[in-house]
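Participant: Input: one structure, supplied below.
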Amino acid sequence: MVKNKMNGEERRNKIIDYIEHSPVPVSGTALANHFSVSRQAVVQDIALLRASGNDILSTNRGYVIAPKPKVFTRTFKVSHSDDQTADELSLIVDLGGKVLNVFVDHNVYGRFEAKLDITSRRDVARFIKDVESGNSSLLKNVTCNEHFHTIEAPSEEILDEIEQSLKQNGYIK
1422 MVKNKMNGEE
1432 RRNKIIDYIE
1442 HSPVPVSGTA
1452 LANHFSVSRQ
1462 AVVQDIALLR
1472 ASGNDILSTN
1482 RGYVIAPKPK
1492 VFTRTFKVSH
1502 SDDQTADELS
1512 LIVDLGGKVL
1522 NVFVDHNVYG
1532 RFEAKLDITS
1542 RRDVARFIKD
1552 VESGNSSLLK
1562 NVTCNEHFHT
1572 IEAPSEEILD
1582 EIEQSLKQNG
1592 YIK
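Taking my numbering, the leading residue of the sequence shown gets 1422, the next gets one more, and so forth.
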């Protein structure tokens, strides 16, 4: 039982920590007893924690932190022409990857990065349309086509498949 007085924010931080480290669901009553507050205070704290982005689930046995889905990321250095951009991006999403970003490392100006979040062929088409309808060119063009993508996928195996396919299509040298 926590006997010292703490403010609500401190208590909420400790509640999250307590739930995260518990091997079993933690009841509201157990939290109330542990932190020497009322059950209603715990309910309010849980509501505030959820509102601030914590994914706390209520089960019939108590509170648990929702498991985060496992995702894996890998950065690939690629090179291709402007005409191959849609093919490169489609290849990645068709194999189950998400293109998080594109970045270049310029010898003089340093790193330039743009968020992409491309997950489907529809996203690829929208991206290509946006590039073609604007007065700008692809970021890769400032480094003679060399650029990097950070790719997210649900498994290392999918990232391996993406890497192999990028190599087979000549996008990775």
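Beta carbons: idealized from backbone N, C-alpha and C, even for Gly.
Just so it is clear, the structure is predicted and the values come from calculations on it, not from any experiment.
Let me know if K1536 comes out buried or exposed under the rule of 16 or more other beta-carbons within 10 Å of its beta-carbon.
Facilitator: exposed
Participant: For N1522, which option in L1516, S1502, N1528 and V1545 has the closest C-alpha, if you only look at C-alpha atoms?
Facilitator: When the alpha-carbon of N1522 is set against those of L1516, S1502, N1528 and V1545, the nearest one is in V1545.
Participant: Distance check for T1494 and G1525, CA to CA, integer angstroms please.
Facilitator: In the sequence under discussion, the amino acid at residue 1525 is Val, which differs from the Gly named in the question. Whole-angstrom Cα-Cα distance: 18 Å.
Participant: Which runs of the beta strand (DSSP E), 3 residues or longer, sit entirely within the region 1426-1493?
Facilitator: 1477-1480 and 1483-1486
Participant: With distances taken Cα to Cα, identify the nearest neighbour of N1481 among G1449, I1549 and L1516.
Facilitator: G1449
Participant: To the nearest angstrom, how far is it from the Cα of D1515 to the Cα of I1572?
Facilitator: 13 Å
Participant: Measure the beta-carbon distance from I1593 to G1518 and round it to whole angstroms, keeping in mind my assumption that it falls under 8 Å.
Facilitator: About 14 Å separates the two Cβ atoms, so there is no contact after all.
Participant: Do you know how far the Cα of K1489 is from the Cα of I1477?
Facilitator: 11 Å
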